[in-house]
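Number of protein chains: 6
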Amino acid sequence: MATLPLISDEEASAEVLAVFDDIRAVRGTEYINNFWRALAHDPALLAATWGRLKEVIGPGELDPLVKEMLYIAVSVANGCEYCIHSHTAAARAKGMSEAQYGELLGVIGMAMQTNGLVTAMQVEVDDAFLA
Amino acid sequence: MATLPLISDEEASAEVLAVFDDIRAVRGTEYINNFWRALAHDPALLAATWGRLKEVIGPGELDPLVKEMLYIAVSVANGCEYCIHSHTAAARAKGMSEAQYGELLGVIGMAMQTNGLVTAMQVEVDDAFLA
Amino acid sequence: MATLPLISDEEASAEVLAVFDDIRAVRGTEYINNFWRALAHDPALLAATWGRLKEVIGPGELDPLVKEMLYIAVSVANGCEYCIHSHTAAARAKGMSEAQYGELLGVIGMAMQTNGLVTAMQVEVDDAFLA
Amino acid sequence: MATLPLISDEEASAEVLAVFDDIRAVRGTEYINNFWRALAHDPALLAATWGRLKEVIGPGELDPLVKEMLYIAVSVANGCEYCIHSHTAAARAKGMSEAQYGELLGVIGMAMQTNGLVTAMQVEVDDAFLA
Amino acid sequence: MATLPLISDEEASAEVLAVFDDIRAVRGTEYINNFWRALAHDPALLAATWGRLKEVIGPGELDPLVKEMLYIAVSVANGCEYCIHSHTAAARAKGMSEAQYGELLGVIGMAMQTNGLVTAMQVEVDDAFLA
Amino acid sequence: MATLPLISDEEASAEVLAVFDDIRAVRGTEYINNFWRALAHDPALLAATWGRLKEVIGPGELDPLVKEMLYIAVSVANGCEYCIHSHTAAARAKGMSEAQYGELLGVIGMAMQTNGLVTAMQVEVDDAFLA
Chain A
1 MATLPLISDE EASAEVLAVF DDIRAVRGTE YINNFWRALA HDPALLAATW GRLKEVIGPG
61 ELDPLVKEML YIAVSVANGC EYCIHSHTAA ARAKGMSEAQ YGELLGVIGM AMQTNGLVTA
121 MQVEVDDAFL A
Chain B
132 MATLPLISDE EASAEVLAVF DDIRAVRGTE YINNFWRALA HDPALLAATW GRLKEVIGPG
192 ELDPLVKEML YIAVSVANGC EYCIHSHTAA ARAKGMSEAQ YGELLGVIGM AMQTNGLVTA
252 MQVEVDDAFL A
Chain C
263 MATLPLISDE EASAEVLAVF DDIRAVRGTE YINNFWRALA HDPALLAATW GRLKEVIGPG
323 ELDPLVKEML YIAVSVANGC EYCIHSHTAA ARAKGMSEAQ YGELLGVIGM AMQTNGLVTA
383 MQVEVDDAFL A
Chain D
394 MATLPLISDE EASAEVLAVF DDIRAVRGTE YINNFWRALA HDPALLAATW GRLKEVIGPG
454 ELDPLVKEML YIAVSVANGC EYCIHSHTAA ARAKGMSEAQ YGELLGVIGM AMQTNGLVTA
514 MQVEVDDAFL A
Chain E
525 MATLPLISDE EASAEVLAVF DDIRAVRGTE YINNFWRALA HDPALLAATW GRLKEVIGPG
585 ELDPLVKEML YIAVSVANGC EYCIHSHTAA ARAKGMSEAQ YGELLGVIGM AMQTNGLVTA
645 MQVEVDDAFL A
Chain F
656 MATLPLISDE EASAEVLAVF DDIRAVRGTE YINNFWRALA HDPALLAATW GRLKEVIGPG
716 ELDPLVKEML YIAVSVANGC EYCIHSHTAA ARAKGMSEAQ YGELLGVIGM AMQTNGLVTA
776 MQVEVDDAFL A
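Residue numbers (this note's numbering), protein chains in the order written: chain A, 1 to 131; chain B, 132 to 262; chain C, 263 to 393; chain D, 394 to 524; chain E, 525 to 655; chain F, 656 to 786.
Following this line, the structure appears as structure tokens:
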């Protein structure tokens, strides 16, 4: 249960509805997920977060699916259950195959492992990496 | 300074040298970076870690550059300085442009932010994400 | 479900009951929350933890509400669900307004983001900050 | 050493200089710290990050010093060396006394400890906190 | 709910069943826990992970119970609910007494606390520790 | 460089010196490491932290070396450089062999990896672990 009740369309202010409408337009779906409905308690924070996310996750130099996988990777290391579920669903919606998902899991697991080993041994960065 | 001195080729056992040789062959370079030279104190751990990394980071369903960027994403969330430097260098060696790097930073930063917001509000996962 | 059953007043030893009584007296409520009832399996750990928390969270140089918000900030970064709920409830009980909560969320989210960006780029600390 | 060279005023584009000028105006100092000079490699990311930070850390419902202390709390839990130094310097510049700093350390340390204890025991959230 | 359905024995491929059989033989139980049934979606990842875990957690220089407690310690700091429950159960199955568990909790909590204090103050490593 | 200058014996108050003396007596060495000299800026925090650490790390149900290794495990997952160096030095002083250290590294690395895999897949806890 969230620390804040979710804001329905009926309860939303005009400022919040404008953001919800933009989310719907950009994503091509009527569905507004719980994150935005919780964040709607602070309309300025909602608008700033959505405005920025829209830019970051949108078209650019990196493939949209790659961005979702990067989002999953960060969310796993931070242990964010909601984010893992929402971005895994988004990655699948953008075409992630089960084979790609398996490789993603493999890379995340291996990165966690070598992060731990390097940190435990406090290995100094090679000059070669700083060139 | 590491918790263990780095093992030079001269100090390395036959078992360690065999791993070093495989690293050199797979990567097409004579250079063995500090991580492996520290890990060489435990030859079995060295062999297991390299053997697994070789598979995970190697050719597959995901682009090798994407794998490096995923590695960076996890390493940033875990705060692993060595890993960030080594995999950023590797990503550049595999062709990451500065524009791609900028987008990678943007996605990592945004993921950190929304991880924090969702976790703070303890938003419940939408049923839609669990279908 | 916890790894340990919660200890009721009836099951509590005299040593544990003495801590429970102090919690009740300091907080002005009969309610003992689950954290203390789980920790009561180790009476010495219970006594040490409560004794220290009482001092840390009590009156001092920082406002009690500020301390609760700091507690939330740390708990979010660590992903501690229980702590987030308990200290958000405590902050509200100490008068945190929804506007203040919105700003708290904003600061936590922004700190997470710039933590990620700085760490990703491994920016060196300015001499100006070390003076 | 950062993964990106710092951008001097001389190297900065007009877009970057405009952000630098705003930082100078808002903060009332000529000094631009390393974080912004590294981030300047991606002018859009620089502008978005500064634009948002300016709002979040600026005047509002929470005291500016409290915001800096919250920033420190998150940065410690995330282990961000740069952020800890920069926001500790900022907190002192905004009047944090050594006694307040001592209490801040105490709260952070205690939050880390109880985060660990609660997480280890997987204590379930009290219904009372969800009301 | 997991991001992947659990694979039953009936659904398992021959490659997966071979790993399940080895898990059963090594552990002396018919029970295959959810982690392996989820991981079974990627048979190569399943085989690599189990193969490595079997070696790491098996007989060696450190007592098997100590290894389970180390596993708990890491899992708590990473906030991994599943891992905390599974390795706490395993530690108890290997003979961890409630008094030992209490001390384990005490050490984890204290480590979290001093990690936070040291990180907040950015204390430099003593030369004495690097000898 | 720390956020606080280290307090020498000459600068220490009577209250701080009493703690330093106890550290010396308990540890059987004249050397006071940097952590305590930084913490000495807040004598009450110093006394409370040392008083608790002395109990936690002292003789009990778990072997003193095991406690040091647990401390390392938590510190690695939290990325605390100082703590990793100080407790690795302490573990060696208490007799940790290089073979034991290798196994410790192996367990930490594997725990990090499976933490990541389980969290990525959001595997539900088996009822068997909650009995």
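Where a beta carbon is used, it is the ideal one built from N, C-alpha and C, also for glycine.
{"Check": "Helix, strand or coil: how does DSSP classify B/Thr-160 here?", "Outcome": "coil"}
{"Check": "Tell me which residues share the same chain as B/Glu-146 and place their Cβ nearer than 6 Å to its Cβ, disregarding the 5 neighbours each side in the sequence.", "Outcome": "Pro-174"}
{"Check": "Please confirm if A/Leu-46 has its CB atom under 8 Å from at least one CB of chain B.", "Outcome": "no"}
{"Check": "Can you pull the chain C residues whose beta carbon is under 8 Å from the beta carbon of B/Val-207, in chain order?", "Outcome": "Gly-378, Thr-381, Ala-382"}
{"Check": "Cβ of C/Met-374 less than 8 Å from any chain F Cβ?", "Outcome": "no"}
{"Check": "Sorted by chain position, which residues of the same chain lie with C-beta nearer than 8 Å to E/Val-631's C-beta, five sequence neighbours on each side aside?", "Outcome": "Ala-597"}
{"Check": "Quick check: C/Leu-324 and D/Leu-463, are their CB atoms within less than 8 Å of each other?", "Outcome": "no"}
{"Check": "Who are the neighbours of B/Ile-138 on chain C, taking C-beta pairs under 8 Å?", "Outcome": "Simply none; closest approach about 26 Å."}
{"Check": "Leaving out the 5 sequence neighbours to the left and right, which residues in its chain are closer than 7 Å to F/Ala-695 when beta-carbon positions are compared?", "Outcome": "Ile-662, Ala-667, Val-671, Leu-701"}
{"Check": "Please list, in chain order, the residues of the region 314–339 of chain C that have any C-beta partner in chain F closer than 9 Å.", "Outcome": "Arg-314, Glu-317, Val-318"}
{"Check": "Evaluate the contact criterion for the region 466–481 of chain D versus the region 637–647 of chain E: three or more CB pairs, one atom per stretch, below 8 Å.", "Outcome": "yes"}
{"Check": "Just list the alpha helix (DSSP H) runs in the region 141–225 of chain B, keeping only unbroken ones of 4 residues or longer that don't cross its boundaries, in chain order.", "Outcome": "145–158, 165–170, 174–188, 195–209, 212–224"}
{"Check": "Measuring alpha carbon to alpha carbon, tell me which residue in F/Ala-744, F/His-742, F/Thr-658 is nearest F/Arg-692.", "Outcome": "F/Thr-658"}
{"Check": "Could you work out which residues of chain D lie near E/Glu-661, taking near to mean beta carbons separated by less than 7 Å?", "Outcome": "A question about residue 661 of chain E goes unanswered here, because the residues of chain E that appear run from 525 up to 655."}
{"Check": "Which same chain residues end up closer than 6 Å to F/Cys-738 when comparing Cβ atoms and leaving out the 5 residues on each side of it in sequence?", "Outcome": "Ser-730"}
{"Check": "Going by the beta-carbon positions, is the gap between B/Tyr-162 and A/Ala-128 smaller than 8 Å?", "Outcome": "yes"}
{"Check": "State the start and end residues of the unbroken alpha helix (DSSP H) segment that holds F/Met-767.", "Outcome": "753–776"}
{"Check": "Using DSSP with H/G/I as helix, E/B as strand and the rest coil, what is B/Asp-257?", "Outcome": "coil"}
{"Check": "Is it true that the CB of E/Met-620 sits closer than 8 Å to the CB of F/Val-711?", "Outcome": "no"}
{"Check": "Output the distance between the C-alpha atoms of F/Lys-722 and C/Leu-315, rounded to the nearest integer angstrom.", "Outcome": "23 Å"}
{"Check": "Using the rule of at least 16 other Cβ atoms within 10 Å of the residue's Cβ for burial, across every protein chain shown, is E/Val-647 buried or exposed?", "Outcome": "buried"}
{"Check": "Roughly how many angstroms lie between the CA atoms of E/Asn-557 and D/Glu-491, to the nearest whole one?", "Outcome": "52 Å"}
{"Check": "Is B/Gly-240 close to chain C? Criterion is C-beta to C-beta, closer than 8 Å.", "Outcome": "yes"}
{"Check": "Give a yes or no on whether the minimum CB-CB distance between A/Leu-130 and chain D is below 8 Å.", "Outcome": "yes"}
{"Check": "State yes or no: is the beta carbon of D/Met-394 nearer than 8 Å to at least one beta carbon in chain A?", "Outcome": "yes"}
{"Check": "Are the C-beta of F/His-742 and some C-beta of chain B separated by less than 8 Å?", "Outcome": "no"}
{"Check": "Give a yes or no on whether 8 Å exceeds the smallest Cβ distance from F/Val-681 to chain E.", "Outcome": "no"}
{"Check": "Using only the alpha-carbon positions, how far apart do B/Ile-154 and B/Trp-181 sit?", "Outcome": "8 Å"}
{"Check": "Are the beta-carbon atoms belonging to C/Pro-321 and C/Lys-356 less than 8 Å from one another?", "Outcome": "no"}
{"Check": "Between the C-alpha atoms of B/Ser-217 and A/Val-125, what's the straight-line distance to the nearest angstrom?", "Outcome": "8 Å"}
{"Check": "Could you tell me which of F/Thr-743, F/Asp-676, F/Gln-755 sits nearest to A/Met-121, measuring between CA atoms?", "Outcome": "F/Thr-743"}
{"Check": "Does any C-beta atom of chain F lie closer than 8 Å to the C-beta of E/Val-649?", "Outcome": "yes"}
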